[in-house]
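Asks: So that we are looking at the same thing, I have put the structure below in structure tokens.
In UniProt numbering, the protein residues as written are 1 to 140.
So this is what it looks like as structure tokens:
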């Protein structure tokens, strides 16, 4: 029985960010995990643009490319990284609209390097209440 309890606790801890783990700060119009551990995504309204940043990750090159997947769609995103913060290029307006629609309605966002090595996976259901106010405040 103790082994079963340990397994259940391990599954709960591995489940990813829950609803309460994400915060929205109306003063900065930013959504991010409340207590990030390791790399994480943040969404900020920087009117008239929406910034999507990968934070807590320092790739070997300052200018790099990530693959951003939301459910079954994948986009290549160039990024400029400095001091562990990578500002991801969400591309032309149609691509940006598709990405932000995915953040609104998708189940999971996953960031990998160009070789497919996972950097972070974000369960969007728990993040959505924090992300949607940012998207609403800064429409494309």
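Even glycine gets a Cβ: it sits at the ideal position worked out from N, Cα and C. Predicted, not measured: the structure shown is a model, and the values here were computed from it.
#1: Residue ranges of each alpha helix (DSSP H) run of no fewer than 4 residues wholly in the region 59-99, ordered along the chain?
#2: Since residue 136 is in the alpha helix (DSSP H), which residue starts that stretch and which ends it?
#3: Tell me, please, which residues DSSP counts as bridged to residue 143.
#4: Using 10 angstroms around the beta-carbon of residue 120, count the other beta-carbons present and answer buried if the total reaches 16, otherwise exposed.
#5: Suppose the cutoff is 6 Å on Cβ atoms and the five residues either side in sequence are ignored; what does the same chain contact list for residue 122 look like?
#6: Answer yes if the region 70-78 comes into contact with the region 91-106, meaning at least three C-beta pairs across the two stretches below 8 Å, and no otherwise.
Replies: Answer, in terms of the structure:
#1: none
#2: Stepping through the chain shown from its first residue, residue 136 is reached at position 136. Start and end: 124-137.
#3: For residue 143 there is no data in the structure shown, the boundaries of the chain being 1 and 140.
#4: If you number the chain shown from 1, residue 120 lands on position 120. When all chains shown are included, residue 120 counts as buried.
#5: Taking the first residue of the chain shown as 1, we reach residue 122 at position 122. If we look at residue 122 and ignore the five residues flanking it on each side, its Cβ neighbours are 41 and 109.
#6: With three or more CB-CB distances shorter than 8 Å, the region 91-106 counts as touching the region 70-78.
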